[in-house]
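Report on one structure; see the data block that follows.
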Amino acid sequence: MKFVALISGGKDSFYNIHHCISRGHELVCLANLYPEEPERDEIDSFMFQTVGHDIINSYSECLDIPLYREKIVGSSKNQKLEYSLTKEDEIEDLFRLLQRVQRLHPDIEGVSCGAILSHYQRTRVENVCDRLGLTSLTYLWQRNQLELMGEMCQNGLDARIVKVAAIGLNTSHLGKSISQLYPKLIQLNQMYDVHICGEGGEFETLVFDAPFFKKKLEILSEEVIADSTDDVSYLKVKVKAVPKEVSVEDFQMLEAPPLLEEEFSLIFEELESIGDVGELDQGISNIDLGSNGVRISASPTSIFKTSKKLYISNLIDTELSDTIEGQVQSIFEQLKDILEKNSVSANNIKHVTLLLADMNEFSKVNKVYSRYFESFYLPPSRICIGTKLYDKCFAQLSCEVLLSDHLLKEGIHIRSRSYWAPHNIGPYSQSIVERNEEFLQASLSGQIPLEPATMQFPKDNSLNFHATFSLQHLHRVTEVVNVREYGSIICFVTEISSVNLASSAWNQYNNGAGSLTIVQVKQLPRGAKIEWGGFSYKNLVGMYDDDEDDDNELEQNDKIETIINDTIEKYSLQATSIQKIGKGELFSSTLYSNSLNDVSSFLINAKGKIQLYASLAEAQSLELKSVEFTPVDNLWDHNGQAYKYGLVWKHYK
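70 is the number of the first residue of the sequence shown in the numbering used here; add one for each residue after it.
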């Protein structure tokens, strides 16, 4: 695609341009924001580097393309991590700049941005891009800083230090190239945790040459300006663009980083070496309800409420409209009524599970779905699958709702192309994190094996690679939100041949943790063969914090744990995972059974939020009025053992 590059003059913005060009995109023009008072070298901006702003015009000559600039008249009024339109904010200056660029170059589709770790910067560029129908290109996002700085030094980027503001850096380092300073930065990182790429504001750079420049910058004069009050110094330079020897042969496209990081590359290699991992328990043979016309009553809408959460499950169009759009519209009307009765709005929805009878109808569904969530800066996370539903039922929706507004303000909603993980292909977040006193809990959207830079499936089309690659996506989401303990993970597959390798990949990755359930369904988004999703958590209390609890609370927690174990034993359920989250405010259990009677009794008598996975045929005799039900063809535990029924039981204190 044709793109405009946002530049500050620094190394990151220009190195990202090099990656954009290397991925086949065409650079059309440059764009920059500068201080309203030109004589000021720096302004108090949370978003834009302005040191060296007076040499930005020279880059147009270096690249022989237009440069468009806009004054920064706004300030950092909206300092929330996720940005929404705010009058007199500096981001509205960026909007006006890119809007002008778009008018002058209507064929531009992308915007290059050099964000590495800054959620603050990325979300603001994405906000503006969304409003203008553009795609954010952030190929440096979440890259390892040591590797990234090493690549910049090795690939002909002449970037020099023009500001220092960190321990170990002083005026003697001003004017040095990043190649010269690289060993020093590694040392400072080891000694003081200084960011090697300067992501903590430790230093700033200006680029004097790059492999794709047609001219380079030459310094005419320089002046060191030091501020003794805050240990910040910067270099003020005057430059001119001068000719350079340019050879097409000399320009090297940058290689994308490996699709698999080392941990997952080893998992993939192990899967490849295993080959046939043994005979698979083929699961339970289910009757095809769609072809034989068996009519089963739909599971009723289930509402389960705790002091902090509302679970709304199994919403369908009870009138069974003839169109999927009509059914989804009816579902959202019902959802709106339930939310209003509980004094919350759609913005309180944390996670959505959307089941479709035919994934080929997804685009129609998404148009209706988008109307409810596209205006939210952190829309709910989402899992969407195609599976067998009740006769003439085209869609079913279940959701998790937070009863406190402030809990919805954490999470990630990444809409940029990068090498990190796929950006969202709909109005949903990769993860929404709720903060409780004792723990964090993150909902995890379904991850399929799309290549992040292209949003296409990778060239290696093997099931082994797809299983490993999509699992890595899930891992990277939990890393970014820093909520890494898995409470319950569901691996959706469309082919039975994927089950053993999904089990093997998971057991290598997570040391055989029993929190995984593998289910076979009819279809997955984009025709994928495998998808991972679920929830993770992070305890905010240490192992010795229980010592501070009073005896009554400890006794209460022990009683709850005893009740859970006794209940599981009473109904002869197979428990592969029982996790105490926080100090016992929540217990999450992954359970299995082949007994209709045992499961039926458990569903009637157990207290808490229960999610059931089973075929329509196996579930037709069950009482489901207080259960979230996901129909599947077959299911297995984390070791590939088949069962008729899989349950995720959340027991709240």
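Quick reminder that beta carbons are idealized off the backbone N, C-alpha and C, glycines included.
Reduced DSSP category for residue i - H, G, I as helix; E, B as strand; rest coil
i	result
Phe-698	strand
Val-194	helix
Tyr-90	The identity of residue 90 in the sequence shown is Ile, whereas the question assumes Tyr. Helix.
Ser-77	coil
His-264	coil
Asp-133	coil
Asp-574	Before going on, a small fix: residue 574 reads as Ala here, not Asp. Helix at Ala-574.
Leu-340	helix
Arg-212	coil
Arg-138	strand
Arg-595	helix
Gln-516	strand
Rounded distance between the beta-carbons of residue j and residue i, thought under 8 Å
i	j	result
Glu-273	Gln-214	Contact doesn't hold; Cβ gap of about 15 Å is too wide.
Trp-210	Ser-450	With a Cβ gap of about 19 Å, Trp-210 and Ser-450 do not count as contacting.
Ile-23	Leu-96	The displayed coordinates of the chain run from 70 to 722. Any statement about residue 23 would go beyond what the structure contains.
Gln-516	Gly-602	7 Å
Gln-525	Leu-519	7 Å
His-535	Ile-454	Rounded, the Cβ-Cβ distance is 16 Å, inconsistent with contact.
Val-701	Tyr-682	5 Å
Ile-633	Val-549	In fact, because the Cβ distance is near 32 Å, the residues do not count as touching under 8 Å.
Gln-592	Met-322	37 Å between Cβ atoms; not a contact.
Residue i burial status per 10 Å Cβ neighbour count (16 or more: buried)
i	result
Glu-159	buried
Pro-252	exposed
Phe-554	Looking at the sequence itself, residue 554 is Glu, so the reference to Phe does not match. Buried, since its Cβ has 16 or more Cβ neighbours within 10 Å.
Lys-697	It should be noted that the sequence gives Glu, not Lys, for residue 697. Label assigned to Glu-697: buried.
Pro-448	buried
Lys-419	buried
Tyr-756	With the chain running from 70 to 722 in the structure shown, residue 756 is simply not present.
Pro-175	exposed
Val-346	Residue placement at Val-346 is flagged as unreliable, the pLDDT there being 49, under the threshold of 50; a coordinate-derived value is accordingly withheld.
Asp-627	exposed
Lys-652	buried
Glu-220	buried
Glu-687	buried
Lys-232	buried
Leu-289	exposed
Glu-469	buried
Distance, residue j Cα to residue i Cα
i	j	result
Leu-424	Ser-439	16 Å
Ser-414	Glu-443	14 Å
Leu-340	Ser-657	29 Å
Trp-489	Glu-330	10 Å
Glu-654	Glu-692	27 Å
Val-301	Leu-609	36 Å
Ile-650	Phe-508	7 Å
Leu-585	Ser-557	6 Å
Glu-26	Glu-402	What the structure shows of the chain is the stretch from 70 to 722, and residue 26 is not part of that stretch, so it cannot be assessed.
Arg-193	Asp-296	30 Å
Gly-677	Tyr-721	6 Å
Phe-431	Val-142	43 Å
Tyr-497	Ile-265	33 Å
Ile-647	Phe-561	21 Å
Ile-637	Trp-705	18 Å
Lys-713	Gln-499	30 Å
Ser-371	Asn-383	6 Å
Val-311	Leu-173	28 Å
Leu-570	Asn-533	7 Å
Asp-199	Glu-338	39 Å
Val-308	Glu-292	12 Å
Ser-473	Asn-505	11 Å
Ser-512	Ser-605	7 Å
Gly-93	Ser-412	50 Å
Trp-718	Ala-184	40 Å
Ala-279	Leu-716	56 Å
For residue i: DSSP bridge partner residues
i	result
Asn-608	Phe-508
Asp-706	Thr-586
Phe-72	Leu-96 and Gly-179
Val-668	None, per the DSSP bridge assignment.
Phe-561	Val-588 and Glu-600
Thr-659	Ser-646 and Val-717
Arg-545	Answer is none; Arg-545 lacks a bridge partner.
Lys-309	Glu-287
Leu-163	Bridge partners of Leu-163: none, in fact.
His-420	Ser-450 and Glu-469
Glu-503	Gln-510
Short CB-CB distance (under 8 Å) between residue i and chain B
i	result
Tyr-128	Looking at the structure shown, chain B is missing, and only one protein chain is on hand.
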